[in-house]
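Trainee:
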Amino acid sequence: MAILFSPFTLRGITFKNRIAVSPMSQYRAKNGHANSWHAVHLGRFAIGGAGLVYAEATAVEAEGRRTHGDLGLWQDAQIDDLKSITEFIGQEGAIPGIQLGHAGRKASERRPWHGETPVDHEDLAERNEVPWTAIAPSPIPYAEGWPAPMEMSETDIERVVAAFGESARRAHEAGFKIIEVYAAHGFLVHQFLSPIANQRRDRWGGNGENRRRFAVEVAKSIRANWPEAYPLAFRLSATDWLDGGIEVEDTVETAKALKAAGVDMIDCSSGGIGGKDRPRRMVIEQGFQVPFAERIRADAEMATMAVGFLWDANVCEDLVSAGKADMIALARELLADPNWPLHTAKELEADENHGMWPIESGWWLMKRDRLLSKLGVR
Ligand SMILES: Cc1cc2nc3c(=O)[nH]c(=O)nc-3n(C[C@H](O)[C@H](O)[C@H](O)COP(=O)(O)O)c2cc1C
Numbered sequence: 081m082a083i084l085f086s087p088f089t090l091r092g093i094t095f096k097n098r099i100a101v102s103p104m105s106q107y108r109a110k111n112g113h114a115n116s117w118h119a120v121h122l123g124r125f126a127i128g129g130a131g132l133v134y135a136e137a138t139a140v141e142a143e144g145r146r147t148h149g150d151l152g153l154w155q156d157a158q159i160d161d162l163k164s165i166t167e168f169i170g171q172e173g174a175i176p177g178i179q180l181g182h183a184g185r186k187a188s189e190r191r192p193w194h195g196e197t198p199v200d201h202e203d204l205a206e207r208n209e210v211p212w213t214a215i216a217p218s219p220i221p222y223a224e225g226w227p228a229p230m231e232m233s234e235t236d237i238e239r240v241v242a243a244f245g246e247s248a249r250r251a252h253e254a255g256f257k258i259i260e261v262y263a264a265h266g267f268l269v270h271q272f273l274s275p276i277a278n279q280r281r282d283r284w285g286g287n288g289e290n291r292r293r294f295a296v297e298v299a300k301s302i303r304a305n306w307p308e309a310y311p312l313a314f315r316l317s318a319t320d321w322l323d324g325g326i327e328v329e330d331t332v333e334t335a336k337a338l339k340a341a342g343v344d345m346i347d348c349s350s351g352g353i354g355g356k357d358r359p360r361r362m363v364i365e366q367g368f369q370v371p372f373a374e375r376i377r378a379d380a381e382m383a384t385m386a387v388g389f390l391w392d393a394n395v396c397e398d399l400v401s402a403g404k405a406d407m408i409a410l411a412r413e414l415l416a417d418p419n420w421p422l423h424t425a426k427e428l429e430a431d432e433n434h435g436m437w438p439i440e441s442g443w444w445l446m447k448r449d450r451l452l453s454k455l456g457v458r
C-alpha cells in the first residue's frame, strides 16, 4: 500500500491520507465573508480525495488583510458562512483546515491580476476599494515603491496576538479541525522572524529568541482558544534566500520553540520577505523545498509538511516513504486537477476499482472501466 494513502494522526485528528490542499487565496471574499465560490473551490478538493483541505489565508483583523478580497475571521458574523463549507468537507471524508494570518506590511495590496502593488486612488475609482495604513515590526517598506508601515507598539502587538486567539475560537465554532498559522512568505509573523523586516531593539527584535517571541506568543494565544485534541501547524519560510535573512538553522530553532508552545507540524515553504535584493541561491525544481521539511523533521523532531512544485505521484510517494515529510501539500497541481489524489491512488495501485471515489462517480467509472477493458480499449 502506498504510504501516501496511509492515515496520519496529529493529536486527536486522523487524516485519511497524506495529501493536503495548500492554502490558496481566492481574493473573492466581501468584507472577509466566504461565499459560494469558496464552497465550490474547497469542496471540489474534498470530492477529489485530499485528506486535508486548507482554506486560504484568513485575516485575524480587518487591517491584516492583504487585499480587499481576503477571507476574514475577525468577527463572529464571519463564522456562519464557513460552517456549511467545513460540514461539506468533513462529510466527504476530508479534514477541514484554515490558515490564519495577518499581512503586516504587505497589507493593502492589489490582487495578483491587478498588479500586486499597493492599493491607491485608482482602486478607489475602479472598485471602490480604499487603501489603508499597514503595520509591521519596523517601519521598513516591503519593497521599492511601497509606503512605510507603522511600527507596531506593545499595544498593537498585544492586540494582534489576542486576535489570533479570538480567530482560533471562531475557527473552532466554524467547524475547522486544524489551524495553520501563516508565518511565511513575508506576512506579519514572518516579518517578526526575519532580521530583514524586524530591526526592533526591544524584546520583540534583535536576537533569535526575541524575533521568535511573536510567533511563540501567537501559538500560545491560539492554544488557549483551540481544543487540546486539535492540531496546530505553522507555515514557515525556512530560508529568506537572502544574505542577512533567515537560514534553515534559525528555522529549526523556531520550530523547536513552537513545538514547546504546542505546535504539532511545520509546513515548510521559503522566501517572500521582500526588500531591495532579489532572492539568491534559489533553484526551482520539483520538490526544491523538500530538504527543509527533511531537516526540520530530523532536527526539531516534529511532523513536517513538504510543499512547493510537487506534482509527480512517485516523487511524492518516495519523499514521504523516505521520512522526509509526513504530509505533502499541493496548490497549482490541484488547480489543474482537483482529482489528483484519486488519480494518484490509481497510479500507485492504492485504488484499483475507483473505490476511493465518491460512490456517485466511482460506481459509473468502475462499470465503464470493465466495458473499456472488454472492448480492449484500456
Ligand atoms: C492561487 C494561489 C493562491 C495562494 N495563496 C496562498 C495562501 O493564501 N497562503 C499560503 O500560504 N500560500 C498561498 N499560495 C502558495 C501555495 O500554497 C503553495 O505554497 C505554492 O503555490 C507552491 O506550491 P505549488 O507548486 O504546489 O503550487 C498560493 C498559491 C496559489 C497558486
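With my numbering applied, the sequence shown corresponds to residues 81 to 458, in that order. Using N, Cα and C, we set each Cβ at its ideal position, and we do this for glycine too.
1. Starting from threonine 197, follow the beta strand (DSSP E) in both directions and report where the run begins and ends.
2. Does the structure place the region 82-102 close enough to the region 111-120 that three or more beta carbon pairs sit under 8 Å?
3. What first and last residue would you give for the beta strand (DSSP E) that runs through glutamine 179?
4. Given this structure, state the Cα-to-Cα distance separating phenylalanine 244 from alanine 251, to the nearest angstrom.
5. Rounded to whole angstroms, what is the Cα-Cα separation between proline 227 and aspartate 406?
6. If you measure between the beta carbons of asparagine 97 and glycine 128, is that distance less than 8 Å?
7. Measuring CB atoms only, is the region 308-318 touching the region 219-234, in the sense that at least three cross pairs come out at less than 8 Å?
8. Let me check you understand the geometry: is the CB of glutamine 271 closer than 7 Å to at least one non-hydrogen atom of ligand 1?
9. State the beta-bridge partners of serine 317 as determined by DSSP.
10. Run through DSSP, which three-state label would alanine 139 get?
11. Measuring straight from C-alpha to C-alpha, what distance separates histidine 270 and serine 317?
12. Distance, Cα to Cα, arginine 361 vs arginine 375?
13. Around the C-beta of proline 421, are 16 or more other C-beta atoms found within 10 angstroms, so that it is buried, or is it exposed?
14. Does any heavy atom of ligand 1 sit closer than 7 Å to the C-beta of glutamate 397?
15. Give a yes or no on contact between the region 273-284 and the region 169-179, applying the rule of three or more CB pairs nearer than 8 Å.
16. Run the Cβ filter for me: residues under 5 Å from any heavy atom of ligand 1, listed in the order they occur in the chain.
17. Counting only runs that start and end within the region 362-449, where is the beta strand (DSSP E) found for 3 or more residues in a row?
18. Classify asparagine 287 as buried or exposed, calling it buried when 16 or more other Cβ atoms lie within 10 Å of its own Cβ.
19. In chain order, what residues of the same chain lie with their CB nearer than 6 Å to the CB of threonine 94, ignoring the 5 residues before and after it?
20. According to DSSP, which residues form a beta bridge with glutamate 260?
21. If you follow the beta strand (DSSP E) that leucine 153 is in, where does it begin and where does it stop?
22. With DSSP as the reference, identify every bridge partner of alanine 216, one or two as the case may be.
23. When the Cα of arginine 146 is compared with those of Asp344, Asp330, Ala187, which residue comes out closest?
Mentor: Let's see:
1. What you label residue 197 is simply residue 117 of the sequence shown in a count that begins at 1. Element bounds for threonine 197: n/a, residue is neither H nor E.
2. no
3. Numbered from its first residue, the sequence shown carries residue 179 at position 99. It spans 175-181 - the beta strand (DSSP E) in which glutamine 179 sits, taken as one unbroken run.
4. The residue you call residue 244 lines up with position 164 of the sequence shown. The residue you call residue 251 lines up with position 171 of the sequence shown. Taking the straight line joining both Cα atoms gives about 10 Å.
5. One-based indexing of the sequence shown puts residue 227 at position 147. One-based indexing of the sequence shown puts residue 406 at position 326. Taking the straight line from one Cα to the other gives about 40 Å.
6. Counting from 1 along the sequence shown, the entry for residue 97 is found at position 17. Counting from 1 along the sequence shown, the entry for residue 128 is found at position 48. Not a contact, by the Cβ cut-off of 8 Å.
7. no
8. Taking the sequence shown and counting its residues from 1, one reaches residue 271 at position 191. No.
9. Counted from its first residue, the sequence shown places residue 317 at position 237. DSSP output for serine 317 lists Ser349 as bridge partner(s).
10. Counting from one through the sequence shown, the residue named residue 139 turns up at place 59. It is a strand residue.
11. Residue mapping note: residue 270 aligns to position 190 of the sequence shown, counting from 1. Residue mapping note: residue 317 aligns to position 237 of the sequence shown, counting from 1. Answer to the nearest angstrom: the Cα atoms are 7 Å apart.
12. For the purposes of this step, residue 361 is taken as the residue at position 281 of the sequence shown. For the purposes of this step, residue 375 is taken as the residue at position 295 of the sequence shown. Cα to Cα, arginine 361 sits roughly 18 Å from arginine 375.
13. The residue labelled residue 421 in the question sits at position 341 within the sequence shown. By the neighbour-count rule (16 or more Cβ atoms within 10 Å), proline 421 is buried.
14. Looking up residue 397 in the sequence shown gives position 317. Not so, every heavy atom of ligand 1 lies at least 7 Å from the Cβ.
15. no
16. Ser102, Pro103, Met104, Ser105, Glu136, Ala137, Val387, Gly388, Phe389, Leu410, Ala411, Arg412
17. 383-387, 407-410
18. Numbered from 1 along the sequence shown, position 207 holds the residue referred to as residue 287. Exposed, because fewer than 16 other Cβ atoms sit within 10 Å of the Cβ of asparagine 287.
19. Reading the sequence shown from its first residue, position 14 is the one you call residue 94. Pro87.
20. Here residue 260 corresponds to residue number 180 of the sequence shown, with the count starting at 1. Its beta-bridge partners are Gln179, Ala313.
21. Locating residue 153 in the sequence shown gives position 73, counting from the first residue. Looking at the DSSP string, leucine 153 is not in any beta strand (DSSP E), and its letter there is neither H nor E.
22. Within the sequence shown, the letter at position 136 stands for residue 216. Note: alanine 216 sits in a beta bridge opposite Glu231.
23. Sequence index remark: in the sequence shown, residue 146 carries index 66 (1-based). Ranking Asp344, Asp330, Ala187 by Cα distance to arginine 146 puts Ala187 first.
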